[in-house]
Amino acid sequence: MKLLFLCVGNTCRSQMAESIARYHDYEAYSGGTEPGNIVSENAILALIEGGYSSEGLIPKSIDLVYPGDYDLIISMGCGVSCPNVPIDEDWELEDPVGKDLEFFRNTRDEIMLRISKITHKASTDA
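Residues 32 to 157 (our numbering) make up the sequence shown, in order.
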């Protein structure tokens with residue numbers, strides 16, 4: 032299953048989701064409507080603490096993706112900031128930019144839970 036995670040800056044939530052989904056053997060990609068320059072240090076720390084890789088994670092524009100290539104497109108909570116992309120799910124996760132490491136850990140854990148729900152649903156639908 033191919034997953035696409037979208038947010039505004041593509042420096043925190045969607046990057047963590049991409050890494051966690053890849054760990055669980057999904058073909059995953061992330062992008063932002065206004066991508067930042069680097070992945071958040073706290074996002075990287077939260078991933079590493081959780082046993083996930085941060086290798087190859089860089090902010091990317093959603094202009095580089097074709098939505099039809101993905102089985103599931105998930106907004107991390109950017110709402111109207113992604114008006115031209117057909118969103119399948121909006122996770123409505125608060126943007127952790129500027130928050131402490133504990134907030135990033137909580138965001139990571141919520142993303143882990145939601146990806147496990149996708150895995151469970153996929154296995155019961157099969």
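Beta carbons: idealized from backbone N, C-alpha and C, even for Gly.
Rounded to whole angstroms, what is the Cα-Cα separation between N41 and T155? In a straight line, the C-alpha of N41 is about 31 Å away from that of T155.
Check each candidate in I105, A59, K148 and name the one with the smallest Cα separation from G87. A59
Going by C-alpha to C-alpha distance, which of V96, T150, S71 sits closest to P117? V96
Reduced DSSP secondary structure (H/G/I, E/B, other) of K148: helix
Assuming Y54 is part of the alpha helix (DSSP H), what are its boundary residues? 44 to 54
Alpha-carbon spacing of L76 relative to R44, whole angstroms: 13 Å
Identify the residues that DSSP records as bridge partners of Y60: which are they? L35
Cβ atoms of N73 and K130: under 9 Å apart, would you say? yes
Using the C-alpha atoms, what's the distance from A153 back to V128? Here the C-alpha atom of V128 lies approximately 31 Å from the C-alpha atom of A153.
State the DSSP-derived secondary structure class of S106, mapped to helix, strand or coil. strand
Here's the rule: buried if 16 or more other CB atoms are within 10 angstroms of the residue's CB, otherwise exposed. What is L144? exposed
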